[in-house]
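Student: Position 159, counted from 1, in the sequence shown is what numbering that gives the first Met the number 0 calls 158; the numbers after and before it change by one each time, with no gaps.
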Amino acid sequence: MIDQQRVKDLAKQFASDVIDIRRHIHANPELSYEEFETAKYVAAKLREMGLDPIEGVAGTGVVALIEGKNPTKRTVALRGDMDALPITEQNDISYKSQNDGVMHACGHDVHTSCVLGAAKILTELKDSFEGSVKLIFQPGEEKNPGGASLMIKDGALENPKPHAMLGQHVMPFIQTGKVGFREGKYMASADEIYLTVKGKGGHAALPDRAVDPIVISAQIISALQQVISRNADPKTPTVLTFGTIHGGHAQNIIPDEVKISGTFRALDEDWRFKAHELITRSAKGIAESLGGSCDV
Numbered sequence: 000m001i002d003q004q005r006v007k008d009l010a011k012q013f014a015s016d017v018i019d020i021r022r023h024i025h026a027n028p029e030l031s032y033e034e035f036e037t038a039k040y041v042a043a044k045l046r047e048m049g050l051d052p053i054e055g056v057a058g059t060g061v062v063a064l065i066e067g068k069n070p071t072k073r074t075v076a077l078r079g080d081m082d083a084l085p086i087t088e089q090n091d092i093s094y095k096s097q098n099d100g101v102m103h104a105c106g107h108d109v110h111t112s113c114v115l116g117a118a119k120i121l122t123e124l125k126d127s128f129e130g131s132v133k134l135i136f137q138p139g140e141e142k143n144p145g146g147a148s149l150m151i152k153d154g155a156l157e158n159p160k161p162h163a164m165l166g167q168h169v170m171p172f173i174q175t176g177k178v179g180f181r182e183g184k185y186m187a188s189a190d191e192i193y194l195t196v197k198g199k200g201g202h203a204a205l206p207d208r209a210v211d212p213i214v215i216s217a218q219i220i221s222a223l224q225q226v227i228s229r230n231a232d233p234k235t236p237t238v239l240t241f242g243t244i245h246g247g248h249a250q251n252i253i254p255d256e257v258k259i260s261g262t263f264r265a266l267d268e269d270w271r272f273k274a275h276e277l278i279t280r281s282a283k284g285i286a287e288s289l290g291g292s293c294d295v
């Protein structure tokens, strides 16, 4: 049986190591499915602990197993994601991103470091617990198709199959050193939305001879916010956000099409899929009513 005080003592002992790991990963961020150096670094750290990591799972994923006493009794998995975001870091810190335009702005450097820190503790205590702990370092959490589904297809949850899996996510508004948990759902689903609004190009001085996809896009973006807010249950958290809009190449030319992308997040699955239908139907209907079309 694991002694809780021993866990706390080891956590204090390894704290500076885990901080160094986190800062190294933070300074060397890599985008989704490009986590080549991060994966090598994680695997090297696991080998330092005497583990035998499996690399290349779903491309850049890493899996390792810590076997305790009676290792086949049960298996619990710990999961951390590794990818960063296409954001330029503004922080003035010693471990600032060294990869221009890429930053660990969603905490995956912390998630990976926490799993490695837990692994350091558990390898020290492997003679004190029964069963096994599977370590899963996931690529591509930020990009479809999600790295989780690809790792599952690649066998990450087999040999052995976990009886339970634990994951976490950093929260900037929670006090340092505190961990929050609750019953039921907490983290929302995140669906990516891609719209292509098609019109008819022409000269800006003659809009009557064109079908302006920029004007149509503006109507769609504005209307969809109302469609979601007027149909969602006020007690059900939901967020629709558009992050990109691209169209046209000259200030005096109406383009043929505009591309829009965003995300839709919800906690309720029934509402989630109803919203998918509303978004699709509304976007197509608005475009058609203005003489264009919209692929969703």
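We put the CB at the ideal spot given by N, CA and C, even for glycine.
#1: Could you compute how far the alpha carbon of A203 sits from the alpha carbon of T195?
#2: List the endpoints of the continuous alpha helix (DSSP H) containing M150.
#3: Would you list the residues sitting across from H202 in a DSSP beta bridge?
#4: Helix or strand or just coil, what does DSSP make of A266?
#5: Tell whether a beta-carbon distance below 8 Å holds between M48 and F136.
#6: Give the DSSP bridge partners of K68, in chain order.
#7: Considering only the beta carbon of each residue, do D269 and K199 sit closer than 8 Å?
#8: Please go through the stretch 152 to 238 and give each complete beta strand (DSSP E) segment of 3 or more residues, from N-terminal end onward.
#9: Measure the C-alpha to C-alpha separation of R78 and L134 and round it to an integer number of angstroms.
#10: Cβ of S112 within 8 Å of Cβ of I1?
#11: How should A14 be labelled, buried or exposed, when 16 other C-beta atoms within 10 angstroms of its C-beta is the threshold for buried?
#12: Quick check: the Cα distance between K184 and A147, rounded to an integer number of angstroms?
#13: Can you name the residues that DSSP bridges to D19?
#14: What does DSSP give as the partner residue(s) for Q137 in the beta ladder?
#15: Of the choices V101, D51, I20, whose alpha-carbon is the least far from that of V114?
#16: Determine, using beta carbons only, whether A315 and I285 come nearer to each other than 8 Å.
#17: Identify the continuous alpha helix (DSSP H) that holds V41 and give its terminal residues.
#18: Measure the alpha-carbon distance for T237 versus L30 and round it to whole angstroms.
#19: Going by other Cβ atoms of all chains shown within 10 Å of its Cβ, with 16 needed for buried, is N27 buried or exposed?
#20: Which of helix, strand or coil does DSSP assign to C293?
#21: If we call anything under 8 Å between Cβ atoms a contact, is I192 one with G246?
#22: Beta-carbon separation of A282 and I219 under 8 Å?
#23: Using 8 Å as the limit for Cβ to Cβ distance, is N69 near chain B?
#24: Would you list the residues sitting across from A63 in a DSSP beta bridge?
#25: Express the C-alpha separation of H110 and F241 in angstroms, rounding to a whole number.
#26: Quick one: is H168 buried, meaning 16 or more other Cβ sit within 10 Å of its Cβ, or exposed?
Tutor: Straight from the coordinates:
#1: Here residue 203 corresponds to residue number 204 of the sequence shown, with the count starting at 1. Here residue 195 corresponds to residue number 196 of the sequence shown, with the count starting at 1. One C-alpha to the other measures close to 21 Å.
#2: On the sequence shown, residue 150 is found 151 positions in, with the first residue counted as 1. 146 to 152 is the extent of the alpha helix (DSSP H) around M150.
#3: Walking along the sequence shown from the start, residue 202 turns up at place 203. In the DSSP output, where bridge partners are listed per residue, H202 has I252.
#4: Sequence index remark: in the sequence shown, residue 266 carries index 267 (1-based). The residue you asked about is not Ala; residue 266 is Leu in the sequence shown. Assigned with DSSP and collapsed to three states, L266 falls in coil, not helix or strand.
#5: The residue you call residue 48 lines up with position 49 of the sequence shown. The residue you call residue 136 lines up with position 137 of the sequence shown. It is not a contact, given that the beta carbons lie outside the stated cut-off.
#6: Taking the sequence shown and counting its residues from 1, one reaches residue 68 at position 69. The partner list for K68 (beta bridge, DSSP) reads E129.
#7: As a working note, residue 269 is residue 270 in the sequence shown. As a working note, residue 199 is residue 200 in the sequence shown. Their beta carbons are not under 8 Å apart, which means D269 does not touch K199 by this criterion.
#8: Secondary structure remark: continuous beta strand (DSSP E) runs of at least 3 residues inside the stretch 152 to 238, in chain order: 163 to 165, 188 to 197.
#9: As a first step, residue 78 is located in the sequence shown; it is residue number 79 there, counting from the start. As a first step, residue 134 is located in the sequence shown; it is residue number 135 there, counting from the start. When the Cα atoms are used, R78 and L134 turn out to be separated by approximately 6 Å.
#10: Locating residue 112 in the sequence shown gives position 113, counting from the first residue. Locating residue 1 in the sequence shown gives position 2, counting from the first residue. In this structure, the beta-carbon distance from S112 to I1 does not fall below 8 Å.
#11: Counted from its first residue, the sequence shown places residue 14 at position 15. Counting Cβ neighbours within 10 Å, A14 comes out exposed, since fewer than 16 surround it.
#12: As a first step, residue 184 must be located in the sequence shown, where it is residue number 185. As a first step, residue 147 must be located in the sequence shown, where it is residue number 148. CA-CA distance, K184 to A147, rounds to 18 Å.
#13: Taking the first residue of the sequence shown as 1, we reach residue 19 at position 20. In the DSSP assignment, D19 is bridged to no other residue.
#14: Here the question's residue 137 lines up with position 138 in the sequence shown. Beta-bridge annotation (DSSP): Q137 is paired with D80.
#15: The count along the sequence shown starts at 1 and reaches residue 114 at position 115. Sorting V101, D51, I20 by C-alpha distance to the C-alpha of V114 places I20 at the top.
#16: Residue 315 falls outside the range modelled here, since the chain spans only 0 to 295, and no answer is possible.
#17: On the sequence shown, residue 41 is found 42 positions in, with the first residue counted as 1. According to the DSSP assignment, V41 belongs to the alpha helix (DSSP H) that extends over 35 to 47.
#18: In the sequence shown, residue 237 corresponds to position 238, counting from 1. In the sequence shown, residue 30 corresponds to position 31, counting from 1. Those two C-alpha atoms are separated by around 27 Å.
#19: Looking up residue 27 in the sequence shown gives position 28. Of the residues assessed, N27 falls on the buried side of the cut-off, its CB having 16 or more other CB atoms within 10 angstroms.
#20: For the purposes of this step, residue 293 is taken as residue 294 along the sequence shown, with counting starting at 1. C293 falls in the strand class under three-state DSSP.
#21: Translated into positions along the sequence shown, residue 192 becomes position 193. Translated into positions along the sequence shown, residue 246 becomes position 247. In this structure, G246 does not lie closer than 8 Å to I192 by Cβ.
#22: As a position in the sequence shown, residue 282 is number 283, starting the count at 1. As a position in the sequence shown, residue 219 is number 220, starting the count at 1. Their beta carbons are under 8 Å apart, which means A282 touches I219 by this criterion.
#23: Given the protein chain composition of this structure (a single chain), no chain B is represented.
#24: Within the sequence shown, residue 63 is the residue found at index 64, counting from 1. Paired residue(s): L134.
#25: Within the sequence shown, numbered from 1, the residue matching residue 241 stands at position 242. Within the sequence shown, numbered from 1, the residue matching residue 110 stands at position 111. When rounded, the distance between both Cα atoms is 27 Å.
#26: Looking up residue 168 in the sequence shown gives position 169. By the neighbour-count rule (16 or more Cβ atoms within 10 Å), H168 is not buried but exposed.
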